[in-house]
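Q:
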Amino acid sequence: MQVSYKNLFIFISAANEYIYNNADLESKLILALRKFIKQAESVIGIYNDRLSDIRIEYAAVDPVSKVLLKDATGYCYTKEGQKKLRDDVAKLNEQMVEVVSVNLRQSEMPNNLTAAQKELFADFVEVIAE
Numbered sequence: 028m029q030v031s032y033k034n035l036f037i038f039i040s041a042a043n044e045y046i047y048n049n050a051d052l053e054s055k056l057i058l059a060l061r062k063f064i065k066q067a068e069s070v071i072g073i074y075n076d077r078l079s080d081i082r083i084e085y086a087a088v089d090p091v092s093k094v095l096l097k098d099a100t101g102y103c104y105t106k107e108g109q110k111k112l113r114d115d116v117a118k119l120n121e122q123m124v125e126v127v128s129v130n131l132r133q134s135e136m137p138n139n140l141t142a143a144q145k146e147l148f149a150d151f152v153e154v155i156a157e
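In terms of my numbering, the sequence shown opens at residue 28 and continues consecutively.
(1) Pull up the CB-CB distance for LEU112 and ILE81, whole angstroms please, since I reckon it's below 8 Å.
(2) LYS33 by DSSP, collapsed to three states: which one?
(3) What does VAL152 pair with, by DSSP beta-bridge criteria?
(4) Could you give the DSSP three-state label for LYS97: helix, strand or coil?
(5) Should LEU60 be labelled buried (16 or more other beta-carbon atoms within 10 Å of its own) or exposed?
(6) Have a look at PHE148, VAL124, ALA142 and flag the residue whose alpha-carbon is nearest the alpha-carbon of SER69.
(7) Would you identify the three-state DSSP class for TYR104, choosing helix, strand or coil?
(8) At the level of alpha carbons, what is the spacing between VAL88 and ASP114?
(9) With burial defined as no fewer than 16 other Cβ atoms inside 10 Å of the residue's Cβ, what is the status of VAL94: buried or exposed?
(10) Give the range of the alpha helix (DSSP H) segment to which GLU135 is assigned.
(11) Which whole-angstrom value is the C-beta distance of LYS33 and ASN120, which I expect to be below 8 Å?
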């Protein structure tokens, strides 16, 4: 299935929160969420590489030495470079990536999901009939 990086990160954050808040349970959903997060690591790695490339692309460069300018917080940017960085990061966050959804039977879905979790998880957790 195709999702944006932004929606993938929102889901992973919600999944991690659910796992943390239900650490005493070993439900099929928790096992499936952990598996999904583990499989998403390669997609996250690609995102981080692209993000790093974008940051380097727009970083300010010393005119004499041609070295990227850095301070204690990271790369330095000109006003124009900062705007381009912001725009390209926004585009990256909206890029679609391929991930494999989680399949669970209806009976394996826990009863303690909030309405917000059900709505968010619905895009990533495919509930199959018994």
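Backbone N, C-alpha and C define an ideal beta-carbon position, used for all residues, glycine too.
Keep in mind it's a predicted model, so treat the numbers as computed, not measured.
A: Working from what's here:
(1) Here residue 112 is taken as the residue at index 85 of the sequence shown, counted from 1. Here residue 81 is taken as the residue at index 54 of the sequence shown, counted from 1. Contact flag correct, Cβ pair sits at about 6 Å.
(2) Translated into the one-based positions of the sequence shown, residue 33 becomes position 6. LYS33 falls in the helix class under three-state DSSP.
(3) Within the sequence shown, residue 152 is the residue found at index 125, counting from 1. Paired residue(s): VAL129.
(4) On the sequence shown, position 70 is the one that residue 97 refers to. Correct three-state label for LYS97: strand.
(5) Residue numbering aside, residue 60 sits at position 33 when the sequence shown is read from its first letter. With 16 or more other Cβ atoms within 10 Å, it is buried.
(6) As a working note, residue 69 is residue 42 in the sequence shown. Of PHE148, VAL124, ALA142, the smallest CA-CA separation from SER69 is found for VAL124.
(7) The residue you call residue 104 lines up with position 77 of the sequence shown. If DSSP states are grouped into helix, strand and coil, TYR104 belongs with coil.
(8) As a first step, residue 88 must be located in the sequence shown, where it is residue number 61. As a first step, residue 114 must be located in the sequence shown, where it is residue number 87. Approximately 20 Å between the Cα atoms of the pair.
(9) Locating residue 94 in the sequence shown gives position 67, where the first residue counts as 1. With a 10 Å radius around the Cβ and a threshold of 16 neighbouring Cβ atoms, VAL94 comes out exposed.
(10) Start at 1 with the first residue of the sequence shown, and residue 135 comes out as number 108. Taken as a continuous stretch (DSSP letters only), GLU135 belongs to no alpha helix (DSSP H), as it is neither H nor E.
(11) The count along the sequence shown starts at 1 and reaches residue 33 at position 6. The count along the sequence shown starts at 1 and reaches residue 120 at position 93. With a contact defined as Cβ atoms closer than 8 Å, LYS33 and ASN120 qualify at about 4 Å.
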